[in-house]
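Just below is one structure, and these are the notes that go with it.
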Amino acid sequence: MVEDALKLRTQLPRPDVTPEDVARILSEHFGLSGALTELGSQQDRNYRIDTDEARFVLKICQAAYDLQELQAQNAALLHLARQAGSVRASQVVRALDGNDIVDVTVRGEAYRVRLLTYLDGVPLTRRKYLAAETVAALGDIAGRLAVALRDFDHPGLDRELQWDLRHAAPVALHLLAAMTDEGLKKRIAEAMVGAMRRLQPLTADLRIQAIHHDVTDDNVVGQPDAAGRPIPDGVIDFGDILKGWLVAELAVTCASLLHHADGDPLFILPAVRAFHAVCPLEESELKALWPLIVARAAVLVASSEQQLTIDPDNAYVQGNAAHEREIFDVAVSVPPALMQHAILRAVGAAPEATTPVVGEGLLIEIEPAGVRQIDLSILSPLLPEERWQHGGLPTSLLQTAAHAIGMASTRYGEYRLTESALRASVPTPTFALHVDLCLPTGTMVRAPFAGRIEWHAERMALNGGAGVLHLSGLEPPEDTDETVAAGMPIGVVVEAGHGLGLMRVQLCREPGLMPPLFVPAHQADAWRVLCPSPSGILGFDCDAQTPHSTELLDRRQQHFARPQKNYYRTPPQIERGWKEHLFDVEGRVYLDMVNNVTILGHGHPRLAAAVGRQWSLLNTNSRFHYASVAEFSERLAALAPDDLDTVFLVNSGSEANDLALRLAWAFSGQRNVVSLLEAYHGWTVASDAVSTSIADNPQALSTRPDWVHAVVAPNTYRGPFRGSDTTDNYVRSVATKLRELEDEGQGLAGFICEPVYGNAGGIPLPKGYLDAVYAMVRQRGGVCIADEVQVGYGRLGDYFWGFEEQGVVPDIITIAKGMGNGHPLGAVITRREIADALEKEGYFFSSAGGSPVSSVVGQTVLDLIEEEKLQENARVVGGYLKTRLEALEQRFPLVGAVHGMGLYLGVEFVRDRETLEPATEETAAICDRLLQLGVIMQPTGDHLNVLKIKPPLCLSRESADFFADMLTRVLEEGW
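Here the sequence shown stands for residues 1 to 975, where the numbers follow full-length UniProt numbering.
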């Protein structure tokens, strides 16, 4: 029964106080005046006051609030202020008469008023996405506040409050009585009954102390970290402070997080870990946490429904109603037992292992060794190319295997490729909690343990002491009793065709729960406990091998040299690719927007077949005579301008640029090379020497050899000269450098640059730049090297070669990356006389560069670029994607510019569009958030503030839309 005072409290409207009333109260009682801004509240009125000297908050409540309750709030603020290093909180401001609580009357209604200092900081309110760092910080601040209030006491803490989770059941019952939405009313009632059933045995062990009881996203403020993510460090609104269950402090915090969770209740776990780290909870409290979260969610929704009937114009309640409904929906979306295990595991309190379910044999008539298990994992040889997408494939493969050997099964605990989904922003359920078997029709199935049989349509459930065994595909014997003993027949396998039947087996420890067949990878450990493997009743090991990605990464770092970095701090283990998609071992599919190496896309069957055939015939080196090296060289020469007719085949872009520099030295007889700042050309000694990108080498500018002469990069966006009409300024910088060399009596070997400024995200060079620079270089006997490794080979869409955009012809072209689609292959294309100049230094040889396999790879890639019209796709889809990205410039100040063309694009993030301060940390955080949403993207550029967009050229319009949609979402919701 709800106390009368508590009933009255739930029915109170907000004080009827206007801004004019507030101005009068401030002047009369506090001697203050200033600009007023109303702040939201469920049942109070709160106003921010901006004076010339400071900011304050005036809090107005109904006189029905007991004076001691308000005194307790003020006393708690004073208590916190006295503790060094405590949580930031407001301070109490006394009225002119010295009181800290003032009674006022407005139009005959009595109210109580308090003035507090305003707590500055970034709020979390209305911020849809919260990073794990922010979630953990919220849990940490709730825990630290609980610790700080542990020794606080006050008579006003013993109060009747509708939000006190000790009274959640009677409060909800009272609120539900007034609800008109019968469907919602029923859901809330069922949720409360379930929560109270789990909570009731635990309440005697729950510790009681002073708690804030409202540390939510609405009631904290913080400071942005380096990446712009808000990190809470201050708490406001002590209006719900009371003496209650300690664990309720965390329950309220976690409940508030659920509308940020994108439907995933495990989103709260960083907050749980952080709270527990500073304020350790006991086992009974950890087990009570999720039922309390459900209760809080139910009371929130019911209270808002009632408040809107009392105060329909309350914008604060209206604004919160939708996300409170979302909180409730997420809270009731999973079994409480699942969340209990997830919470215990998150803080290291879960049992190390659970007891497997064993019993009599389910299928005693079959020989376990005669069951063939089919592989549906990411690495399955049964799922080549895109076959995994075909509906009904697992059943078909199961039947095929059974036809061959008699019996077949799938595997429990397998991350199935057949359940993967392309372009999904959340992990799809891929982890199998069941086993399917294909058995001879009429195979007898027996009860592995004693229990009661229930039929739900075509599904049988055997409820016993070990849990519930769910079976489908059976026909019960005519004389089967409802209650059976272990070993008794309970059904026979039904005919599904060709003398075989299909049976599904699934265990569940939770009575009354119909478990899912598949769950997302991050929920797998918790679901394993609820739905254990049926191996113990099937009589054979049906479990798939568990991936150990963390241990594998440790092994990599132990033996793989540290300078060879990997993407991401916690990288997914990628083991498969198809077109523009990458698959990790848990079945998550990522859109690959960075892989300019695989120009055709991943897993191309034509290329795989061509390589396999050539390997089976011959693979040696180019000093032998065979057809493919001649054919491929001829074809490359035909793609270049007429005078460039001679080809070297190498194994990488670094080797290609290294060789190009050697050719320049040999042909010119000189050593000096002019290159651009912020450029990257490779890792060999020579190619690294002309690489000046400080992102790749922080010491690049101070460690160049004396033969390298770097000039300012013609970056028309953030360089010293900006805009399209800056050609003369940038050409002048090259001319100055060349004159300096002449004045010193030094000759020139050549000039190297990307014809499109790739390292900065594909910024085109100013019009006429290369024409002018090439002329000056050639006038001094130097050669002009076009590094097409990143930007060439059709990627730009309108042009096959980047230098075509500038209307020039280089003396040497270097290419690699995409020309081998991941196979180590590069090339240098030049004039015969330049190539011949190298002979005075001896002959040249690259082991893998011109091998039969490499030559076949190169020719097949060119065939497929042409046949599949990939250059045209780069033009059309790249142009469409650029238009979508350019639209973001109009919406988000962080987007400074969109560079590039075709499928070589760059999005540059800046903190200020005037100063162009690079948003380096934000870009890294955006890439991490994109990974969560299923997109592979990495920062680039000297300031690591550019998204360099260079996907496989087969990128579809659907995938371009997915990328643009996900980037838009990150910019809208935060990172």
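Think of the CB as a built atom: it goes at the ideal place given N, C-alpha and C, for glycine as much as any other residue.
Where does LYS287 fall in DSSP's three states? Position 287 of the sequence shown, counting from 1, holds the residue named residue 287. Per DSSP, reduced to three states, the secondary structure at LYS287 is helical.
Nearest-angstrom Cα distance between TRP388 and CYS508? Along the sequence shown, one-based indexing puts residue 388 at 388. Along the sequence shown, one-based indexing puts residue 508 at 508. About 28 Å.
Exposed unless 16 or more other CB atoms sit within 10 angstroms - verdict on VAL685: Walking along the sequence shown from the start, residue 685 turns up at place 685. It counts as exposed.
Let me know the secondary structure DSSP gives PHE963 once reduced to three states. Locating residue 963 in the sequence shown gives position 963, where the first residue counts as 1. Helix at PHE963.
Bridge partners for ASP237 per DSSP, in chain order? Against the sequence shown, residue 237 aligns to sequence position 237. Its beta-bridge partners do not exist; DSSP assigns none.
Let me know the secondary structure DSSP gives ARG452 once reduced to three states. Locating residue 452 in the sequence shown gives position 452, counting from the first residue. The answer is strand: DSSP assigns ARG452 an E or B state.
Taking PRO440 as part of the alpha helix (DSSP H), name the residues at either end of that continuous run. Position 440 of the sequence shown, counted from the first residue, corresponds to residue 440. No alpha helix (DSSP H) holds PRO440; the beta strand (DSSP E) holding it covers 435-440.
What is the rounded straight-line gap between the Cα of TRP975 and the Cα of GLN506? Within the sequence shown, the letter at position 975 stands for residue 975. Within the sequence shown, the letter at position 506 stands for residue 506. TRP975 and GLN506: Cα-Cα distance of roughly 39 Å.
Simplified DSSP assignment, three categories, for GLY792: The residue you call residue 792 lines up with position 792 of the sequence shown. GLY792: coil per DSSP, three-state reduction.
Can you list the alpha helix (DSSP H) stretches of 4 or more residues lying completely in the stretch 919-943, in chain order? As far as the stretch 919-943 is concerned, its whole alpha helix (DSSP H) runs of at least 4 residues are 920-932.
With DSSP run on the structure shown, which of helix, strand or coil describes TRP245? Here residue 245 corresponds to residue number 245 of the sequence shown, with the count starting at 1. Strand, per DSSP.
Apply the 10 Å Cβ neighbour rule to TRP578 and answer buried if 16 or more other Cβ atoms are within range, or exposed otherwise. Against the sequence shown, residue 578 aligns to sequence position 578. With 16 or more Cβ atoms within 10 Å of its Cβ, TRP578 is classed as buried.
Have a look at ALA526, GLU249, PHE449, GLU454 and flag the residue whose alpha-carbon is nearest the alpha-carbon of LEU433. Residue mapping note: residue 433 aligns to position 433 of the sequence shown, counting from 1. Considering only alpha carbons, the answer is ALA526.
Using 8 Å as the threshold, is the C-beta distance between GLY758 and LEU870 below it? By 1-based counting over the sequence shown, the position of residue 758 is 758. By 1-based counting over the sequence shown, the position of residue 870 is 870. For the 8 Å CB-CB criterion, GLY758 and LEU870 do not form a contact.
Just how far apart, CA to CA, sit SER535 and ALA544? Reading the sequence shown from its first residue, position 535 is the one you call residue 535. Reading the sequence shown from its first residue, position 544 is the one you call residue 544. Roughly 11 Å separates the two Cα atoms.
Looking at the unbroken alpha helix (DSSP H) that takes in GLY842, where does it start and where does it end? For the purposes of this step, residue 842 is identified with residue 842 of the sequence shown, where counting begins at 1. No alpha helix (DSSP H) holds GLY842; DSSP gives it neither H nor E.
Nearest to ARG452 by CA position, among ALA402, PRO511, THR410, is which residue? Your numbering for residue 452 matches position 452 in the sequence shown. Nearest Cα to ARG452 within the set ALA402, PRO511, THR410: PRO511.
Between which two residues does the alpha helix (DSSP H) carrying MET192 extend? One-based indexing of the sequence shown puts residue 192 at position 192. Note, MET192: alpha helix (DSSP H), 182-199.
I need the DSSP call for ARG45, collapsed to helix, strand or coil. The residue given as residue 45 occupies position 45 in the sequence shown. For ARG45, the three-state secondary structure derived from DSSP is strand.
With a threshold of 16 other CB atoms inside 10 Å of the CB of TYR568, please say whether the residue is buried or exposed. Here the question's residue 568 lines up with position 568 in the sequence shown. Under this definition TYR568 is an exposed residue.
Counting only the same chain and skipping the five closest in sequence on each side, list residues whose C-beta sits under 7 Å from that of ASP942. For the purposes of this step, residue 942 is taken as residue 942 along the sequence shown, with counting starting at 1. Excluding five sequence positions before and after ASP942, the CB atoms of its chain that fall closer than 7 Å to its own CB belong to GLU678, SER693, ILE694, ALA695, given in chain order.
Taking the alpha helix (DSSP H) that ALA346 falls in, what are its first and last residues? Residue mapping note: residue 346 aligns to position 346 of the sequence shown, counting from 1. Annotation: the continuous alpha helix (DSSP H) that includes ALA346 extends over 336-346.
Alpha carbons only, please: which of LEU379, LEU607, THR441 is nearest the one belonging to ARG576? Translated into the one-based positions of the sequence shown, residue 576 becomes position 576. Ranked by Cα distance from ARG576, the first of LEU379, LEU607, THR441 is LEU379.
Identity of the residue in GLY34, CYS61, LEU266, ALA54 nearest ASP44 by Cα: The residue you call residue 44 lines up with position 44 of the sequence shown. The option with the nearest alpha carbon to ASP44 is CYS61.
Do TYR415 and VAL585 have their C-beta atoms within less than 8 Å of each other? Position 415 of the sequence shown holds residue 415. Position 585 of the sequence shown holds residue 585. The Cβ atoms of TYR415 and VAL585 lie closer than 8 Å to each other.
Given a cut-off of 8 Å on the beta-carbon distance, is the pair ALA925 and ALA136 in contact? Mapped onto the sequence shown, residue 925 falls at position 925. Mapped onto the sequence shown, residue 136 falls at position 136. It is not a contact, given that the beta carbons lie outside the stated cut-off.
Keeping to the same chain, check which residues put their C-beta closer than 7 Å to that of THR125; ignore five residues upstream and five downstream. Residue numbering aside, residue 125 sits at position 125 when the sequence shown is read from its first letter. Listed in chain order, the non-local C-beta contacts of THR125 below 7 Å within the same chain comprise ASP217, ASP218, local neighbours out to five positions each way being set aside.
Taking Cβ to Cβ, would you say GLN306 is nearer than 8 Å to LEU175? The sequence position of residue 306 within the sequence shown is 306, counting from 1. The sequence position of residue 175 within the sequence shown is 175, counting from 1. Taking the C-beta atoms as reference points, LEU175 is found nearer than 8 Å to GLN306.
DSSP three-state label for ARG509, please. For the purposes of this step, residue 509 is taken as the residue at position 509 of the sequence shown. Residue state for ARG509 is assigned as coil, using DSSP reduced to three classes.
Can the beta-carbon of ASP240 be found less than 8 Å from the beta-carbon of ASP214? Walking along the sequence shown from the start, residue 240 turns up at place 240. Walking along the sequence shown from the start, residue 214 turns up at place 214. The Cβ atoms of ASP240 and ASP214 lie closer than 8 Å to each other.
Enumerate in chain order the residues of its own chain whose CB-to-CB distance from PRO270 is below 7 Å, with the five nearest sequence positions on each side excluded. Against the sequence shown, residue 270 aligns to sequence position 270. Closer than 7 Å at the Cβ level, and outside the excluded window around PRO270, lie ALA132, VAL135, ALA136, GLY139.
Spatial neighbours of GLU868 within its chain, please: CB distance less than 8 Å, with the 5 preceding and 5 following residues excluded, ordered by chain position. Here the question's residue 868 lines up with position 868 in the sequence shown. Hits under 8 Å: LEU600, CYS954.
If you draw a straight line from the C-alpha of GLU28 to the C-alpha of VAL104, how long is it? Residue 28 sits at position 28 when you count from the first residue of the sequence shown. Residue 104 sits at position 104 when you count from the first residue of the sequence shown. Cα-Cα distance, rounded: 11 Å.
Determine the burial state of MET1: buried for a count of at least 16 other Cβ atoms within 10 Å of its Cβ, exposed for fewer. Walking along the sequence shown from the start, residue 1 turns up at place 1. Residue placement at MET1 is poorly supported in this model, since its pLDDT is 40, which falls under 50; the coordinates still yield a value, given next. The residue is exposed, with fewer than 16 neighbouring Cβ atoms inside 10 Å.
With C-beta atoms as the reference, is VAL92 less than 8 Å away from VAL102? Translated into positions along the sequence shown, residue 92 becomes position 92. Translated into positions along the sequence shown, residue 102 becomes position 102. Not a contact, by the Cβ cut-off of 8 Å.
DSSP has ASN99 in a bridge; who is on the other side? Here residue 99 refers to the residue found at position 99 of the sequence shown. According to DSSP, which records beta bridges pairwise, ASN99 is partnered with nothing at all.
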